[in-house]
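Below: the structure, in structure tokens.
Chains as they are written, first to last, in my numbering: chain A, 4 to 117; chain B, 39 to 150.
Here it is as structure tokens:
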């Protein structure tokens, strides 16, 4: 079936270190991927996206890597800060039957240790 | 540019009642999707509307319904509320396919 899963439910990193959050997806037809950050009491916030014709995309302090061969997605956060503490979700989009379907992973909690 | 607005932020209901939640998308966004989020679960897709038409529906019972108006604002309705319906209900809007969804801060629904 179609699913998006995360390898690590909780990740603790020291402030200033780099963080890597991983995500596995199962549908090889997915053509668009997004990472979201959700802080307590708020809705998910868009961080960065990547289309299936790319394998890497960089933003400010964040990089998303896409490996279509093994259906793996990762989010790298450079110089992690306390404000990065949140739950991170990956999402995959697939276009089917004239509409898109978005499937979210279960989330990884990132804890930044000061 | 205003973000996605959801009202109310908090709601308490009892079993058997019904509830209507509202979502105002970002201006210019025609796609509105609804999700249910519960502790320990990911985001569970409810349905998506585009130009007043429901394009896609998740695996929820018929008690969950929605609609979209000509100004792209959307409402979702849950009838005959059950304890298990207690959740954060999130609305997201986007320009269209393969565009990022932008979320509101949700409506926290508690069923007593």
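Using N, Cα and C, we set each Cβ at its ideal position, and we do this for glycine too.
Source: prediction; values computed, not measured.
Residue i, buried or exposed, once every other Cβ within 10 Å from all chains shown has been counted against 16
| i | result |
| --- | --- |
| residue 116 (chain A) | exposed |
| residue 20 (chain A) | exposed |
| residue 50 (chain B) | exposed |
| residue 84 (chain A) | exposed |
Alpha-carbon to alpha-carbon, residue j and residue i
| i | j | result |
| --- | --- | --- |
| residue 111 (chain B) | residue 63 (chain B) | 6 Å |
| residue 105 (chain B) | residue 95 (chain B) | 12 Å |
| residue 168 (chain A) | residue 96 (chain A) | Outside the displayed span of chain A (4 to 117) sits residue 168 (chain A), for which this structure offers no information. |
| residue 114 (chain A) | residue 68 (chain B) | 36 Å |
| residue 87 (chain A) | residue 124 (chain B) | 28 Å |
| residue 18 (chain A) | residue 109 (chain A) | 24 Å |
| residue 62 (chain A) | residue 82 (chain A) | 13 Å |
| residue 83 (chain B) | residue 77 (chain B) | 15 Å |
| residue 41 (chain A) | residue 142 (chain B) | 11 Å |
Residue nearest to residue i in terms of C-alpha spacing, selected from the options
| i | options | result |
| --- | --- | --- |
| residue 52 (chain A) | A:65, A:42 and A:43 | A:65 |
| residue 113 (chain B) | B:131, B:69, B:59 and B:139 | B:59 |
| residue 29 (chain A) | A:83, A:17, A:85 and A:74 | A:74 |
| residue 72 (chain A) | A:102, A:56, A:17 and A:111 | A:56 |
| residue 25 (chain A) | A:16, A:46, A:45 and A:76 | A:76 |
Close-in-space but distant-in-sequence residues of the same chain around residue i (CB under 6 Å, 5 per side omitted)
| i | result |
| --- | --- |
| residue 150 (chain B) | 52 |
| residue 90 (chain B) | 106 |
| residue 98 (chain A) | none |
| residue 58 (chain A) | 69 |
| residue 32 (chain A) | 97 |
| residue 115 (chain B) | 58 and 103 |
| residue 103 (chain A) | 96 |
| residue 136 (chain B) | none |
Whether residue i touches residue j by CB criterion (8 Å)
| i | j | result |
| --- | --- | --- |
| residue 23 (chain A) | residue 79 (chain A) | yes |
| residue 71 (chain B) | residue 86 (chain B) | yes |
| residue 49 (chain A) | residue 39 (chain A) | yes |
| residue 56 (chain B) | residue 117 (chain B) | yes |
| residue 111 (chain A) | residue 94 (chain A) | no |
Sequence-distant residues of the same chain with beta carbon closer than 8 Å to residue i, five excluded per side
| i | result |
| --- | --- |
| residue 144 (chain B) | 44, 47, 75, 126, 127, 128 and 129 |
| residue 133 (chain B) | 66, 67, 68 and 69 |
| residue 108 (chain B) | 90 |
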